[in-house]
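Sequential numbering from 1192 applies to the sequence shown in my numbering.
Even glycine gets a Cβ: it sits at the ideal position worked out from N, Cα and C.
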Amino acid sequence: MLAVATVHPLLAEVIVVDNGSTDGTADIVRRFPSVRLITCPVNLGGYIARTAHQGRRSRTEA
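What follows is the structure, given as structure tokens:
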């Protein structure tokens, strides 16, 4: 998905929410300037809906 966002940035906005991970997700996403990265300073737990909601909310505030 990151590669598609780089080639066709006008087709969709890609928002990646890094939920306080320690696996290097944010570093990888930063390689793709057309992808919007939202980082949470701490892991909010396994609640994907909460993370997805944060991504949607960020989209409407942009």
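Between which residues of its own chain and residue i is the CB-CB distance below 7 Å, once the five residues before and five after are set aside?
i: N1210; result: C1231, N1234, L1235, T1242
i: G1215; result: none
i: A1217; result: D1209, L1228, T1230
By the three-class DSSP mapping on this structure, what secondary structure does residue i have?
i: T1216; result: helix
i: L1235; result: coil
i: R1227; result: strand
i: V1205; result: coil
Under 8 Å Cβ to Cβ from residue i, same chain only, skipping five residues before and after it: list those, please.
i: S1212; result: N1234
i: V1220; result: L1193, V1207, D1209, V1226, L1228
What do you reckon, are the CB atoms on residue i and residue j nearer than 9 Å?
i: V1205; j: S1225; result: yes
For residue i, which residues from the same chain have a beta carbon less than 6 Å from its beta carbon, with the 5 sequence-adjacent residues on both sides left out?
i: V1227; result: For the record, residue 1227 in the displayed sequence is Arg; it is not Val. For R1227, where only same-chain residues beyond five positions count, the Cβ hits under 6 Å are I1206.
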